[in-house]
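Just below is one structure, and these are the notes that go with it.
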Amino acid sequence: MKKLILILGDQLDLKGAALRNFDLKNDEVIMIESMHEAQYVWTHKAKIALFLSAMRHFANQLRELHYPLTYIQNSSLSIVEALKEKIVKGNFTHLICIEPGEWRLKQQIEELAKDISVTFEMREDDHFYCSHQEFVKWASDKKELRLEYFYRLMRKTHHILIDSEGNPEGGQWNFDQDNRKPYPKKGPGILEQAIFFEPDAITQEVIAFVKETYATHPGSLETFQWPVTRTQALEALEYFVEYRLRNFGVYQDAMWTDTPFGWHSILSSSLNLKLLNPREVIAAAVNAWKKYDLDLSTIEGFIRQILGWREFVRGMYYLDMPQMAKDNYYDHQRSLPQWYWSGQTNMACMKDAIGQTLKYGYAHHIQRLMVTGNFALIAEILPSAVCDWYLAIYVDAIEWVELPNTAGMALFANGGRFTSKPYIASGAYIKRMSNYCGSCKYKPDVRFGETACPVTTLYWNFLIKHRTQFESSPRTRLMTANLNRISHEDQKSIQEHAQYVLNHLDDL
Ligand SMILES: Cc1cc2nc3c(=O)[nH]c(=O)nc-3n(C[C@H](O)[C@H](O)[C@H](O)COP(=O)(O)OP(=O)(O)OC[C@H]3O[C@@H](n4cnc5c(N)ncnc54)[C@H](O)[C@@H]3O)c2cc1C
Ligand code: SF4
99 MKKLILILGD
109 QLDLKGAALR
119 NFDLKNDEVI
129 MIESMHEAQY
139 VWTHKAKIAL
149 FLSAMRHFAN
159 QLRELHYPLT
169 YIQNSSLSIV
179 EALKEKIVKG
189 NFTHLICIEP
199 GEWRLKQQIE
209 ELAKDISVTF
219 EMREDDHFYC
229 SHQEFVKWAS
239 DKKELRLEYF
249 YRLMRKTHHI
259 LIDSEGNPEG
269 GQWNFDQDNR
279 KPYPKKGPGI
289 LEQAIFFEPD
299 AITQEVIAFV
309 KETYATHPGS
319 LETFQWPVTR
329 TQALEALEYF
339 VEYRLRNFGV
349 YQDAMWTDTP
359 FGWHSILSSS
369 LNLKLLNPRE
379 VIAAAVNAWK
389 KYDLDLSTIE
399 GFIRQILGWR
409 EFVRGMYYLD
419 MPQMAKDNYY
429 DHQRSLPQWY
439 WSGQTNMACM
449 KDAIGQTLKY
459 GYAHHIQRLM
469 VTGNFALIAE
479 ILPSAVCDWY
489 LAIYVDAIEW
499 VELPNTAGMA
509 LFANGGRFTS
519 KPYIASGAYI
529 KRMSNYCGSC
539 KYKPDVRFGE
549 TACPVTTLYW
559 NFLIKHRTQF
569 ESSPRTRLMT
579 ANLNRISHED
589 QKSIQEHAQY
599 VLNHLDDL
C-alpha cells in the first residue's frame, strides 16, 4: 500500500484532514504549482504571488517536519496531469486529498482516480462548521433558503453568542440596525491602520518570478504584503481583534476615497488558504468582546459574516453546482467593460473600488456588492464574464465563495434562490455611503442627460424593465412606488439615455 496525499494551494494546514493518519515511512505528499491555475482566468499578479508564496512556505514547514514531499514548481502541466504522472511513475496504490474548493478540479481529480484505478479518498474539508451533509439536511425541508435561519441554527448548534438560557446574547439575533453607518461627513478620521507583512526572501523571489512570467496580467505587486504563513495570519488576527474590531460593525458598509480597508478584518485570504481556522477567528472575536466590553452589535455583525454568510454560501455552492455557474436569470449578454481591468473610467466610485482592487487585490464587501456588482447587474453584463473577473482579481477568490456571492448575491443570476431580492441601488445609495460622488464627473441625482450618473440611469431603467417583478414582492414594492412618482415623460427619457449608456459602456 503506497499512498500519495495531494495538498492544494488553499489547503495549507498541518492539522488539516489531508495529513490525518499520515505514515511517515510509506506515504508521500505532493504539492503542485501549475501555471494553468494562474491562467484559466486572467489572474491578478498579487493573487498568484500569494498562493505561490504561501505554498512554498508551507512546503518548507513540511520538509522541516520530515514529511516526504514532492513539490513541483511552475509546471506547464495541469494539476491533474502532473498528479497522474506522479501516481503512475511512483506506483502509488492510494490517492488522498481534501475536497477542492472548485467544482472543476473536484470533477477532474475524481475522473483521474477512476481512469487510473487508484484507491481514492476525498476527505471533507474540516475548516468549516457545517458539513455538506448537515447543509443538505437543513436545506431539504425549506421552502426558501435564507441566511437568517441557517445562521440562527449555527449559533445554537455551536453555542456562539448564546446566553446561559439558550437565547441569543442581547435578546436578538441581528443588530444590523446599529451597524452600517456611513463615515462622518468629514471622513473616517484616524483609522487604526491594517497590519501587513514585509515580503521575506521566499516572497521576494515569488514576486520577481510573477512579475516576469505574468507581466501582462492585471494588478500590481508593489504593495504586496499579505500574510503568507500561519504565524503571520495569527498575528493579523490578533492585531485585528485588538485594534480594529471595535469599529467593524458600525462602518461595515462605509466607503471613502483612498480608504481601501476601512475597519475590515482583511482576514479572508488567510481563512480561505486555511492559514486560519474560522473557529479560532470567532473565539478571538468573542474573547475581545468580553475583554474590552465591545459593542455586541459589532461582534454579532462580524460573527454573522463568518458563521453565517461564509458557511451558507459554501453550502449553497456544493448544493447548486454545476448549475450555479450556468445560471443567467435575466439573460444578460453584454461584455464586461474594459475598464474593469484598468480602473480607467470617469465614474469615481468604480475608479476607486477597481483602483484599490488592482493595487491590493482587495475591496471590501460593499464595494464588491454595491459598486462593481451592482453596476454589472444593472448594466446587463453576462454573469459568467463578471464571475471570471471576481475570481481573477481578488486575492481571497476561490470558487466556492466567489461564485455564490457574485452570481447568487450580486447578480441575482439564479433568480433569487437564496436572496429575497436583487441588490440594486442608484447613485443616491453610493452618495449616502461614501464621498465618491463629490469628485465625480457625473451627478448622482441626475437621471438622464449629459451629467446623469450612469448608476442612477441604469438603476431606474432596470426598475422600469423589471417593474412587475419588483412590484410583486413586499420587499421591493417601495422601489416601484418611487418609480411611479417619476413622470412618464421622464421615464421615457431615462430609458432612451440608458440605451445610449448601455451601448457605450466602455466610454463611461
Ligand atoms: C460579488 C462578491 C464577490 C465576493 N467574492 C469573495 C471571494 O472570492 N472570497 C471571499 O472570501 N469573499 C468574497 N466575498 C465576500 C466578502 O466581500 C469578502 O469575504 C470580504 O470583503 C473579505 O474582506 P475581509 O476579510 O476584510 O472581510 P470582513 O468584512 O472583515 O469580514 C470578515 C470575514 O467574514 C467572511 N465574509 C464576509 N462576508 C462574506 C460573504 N458574503 N461570503 C463569505 N464570507 C464572507 C470573510 O471570511 C471575511 O474575512 C464576495 C462578496 C461579493 C459581494
Ligand atoms: S455620481 Fe454616480 S458614477 Fe459618480 S461616484 Fe456617484 S454613484 Fe458613482
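Taken in order, the sequence shown gives residues 99 to 606; the numbers are from our numbering. Positions of the beta carbon are idealized from the N, C-alpha and C atoms, including for glycine. Owing to the predicted nature of the structure, the values given are computational and were not obtained by experimental measurement.
Looking only at its chain, what residues have a beta carbon closer than 7 Å to the beta carbon of GLN436, apart from the 5 residues adjacent to it on each side? ASP604
Between ALA383 and VAL339, is the Cβ-Cβ spacing less than 7 Å? yes
What residues in its chain sit with their C-beta under 6 Å from that of SER518, if we drop five residues either side in the sequence? ARG573
Which residues does DSSP pair with LEU104 in a beta bridge? ILE128, CYS195
Flag this pair as yes or no: are the beta carbons of CYS447 and ILE528 separated by less than 7 Å? yes
Taking the C-alpha atoms as reference points, what is the distance between ASN265 and HIS257? 10 Å
If we require 3 or more residues per run, which beta strand (DSSP E) segments fall completely within the region 166–254? 167–173, 192–196, 217–221
Would you mind sorting MET99 into buried or exposed? The rule is 16 or more other CB atoms within 10 Å of its CB. exposed
Nearest CA to the CA of ALA466: which residue from ALA505, TYR415, THR443? Reading off the sequence shown, one finds Arg at residue 466, where the question assumed Ala. Comparing Cα-Cα distances from ARG466 to each of ALA505, TYR415, THR443, the minimum goes to ALA505.
Helix, strand or coil: how does DSSP classify ILE94 here? For the chain, the structure presents residues 99 to 606; residue 94 sits outside this window and is missing.
Is the beta carbon of GLY471 within less than 6 Å of some heavy atom of ligand 2? no
Are the Cβ atoms of ASN277 and VAL348 separated by less than 7 Å? yes
Buried or exposed: where does GLN454 fall if 16 or more other Cβ atoms within 10 Å of its Cβ makes it buried? buried
Backbone secondary structure at ILE258 - three-state DSSP: coil
Among the candidates CYS195, GLY285, GLY406, whose CA atom is the shortest distance from the CA of ARG530? GLY285
For HIS142 versus ASN375, is the C-beta spacing smaller than 7 Å? no
With TYR458 as the anchor, note down where its alpha helix (DSSP H) starts and where it stops. 446–458
Exposed or buried, what is GLN330 when buried is set at 16 or more other beta-carbons lying within 10 Å of its beta-carbon? buried
How big is the Cα-Cα spacing for PHE248 and PHE516? 11 Å
Own chain partners of THR168 with C-beta closer than 8 Å, once the 5 adjacent residues on each side are dropped: GLU126, VAL127, ILE128, MET129, LYS184
Hey, which unbroken runs of the alpha helix (DSSP H) at 4 residues or more fall wholly within the region 304–375? 328–337, 366–371
Any heavy atom of ligand 2 within less than 5 Å of residue CB: hits in chain order: MET445, ALA446, CYS447, GLY525, ILE528, TYR534, CYS535, CYS538, TYR540, PRO542, CYS551, VAL553
So, is ILE288 buried or exposed, given that buried needs 16 or more other C-beta atoms within 10 angstroms? exposed
On the three-state DSSP scale, how would you describe ARG278? coil
What does DSSP give as the partner residue(s) for PRO266 in the beta ladder? ILE260
State the DSSP-derived secondary structure class of LYS284, mapped to helix, strand or coil. coil
Considering Cα atoms alone, identify which of SER368, CYS535, ALA579, GLN137 is closest to LEU175. GLN137
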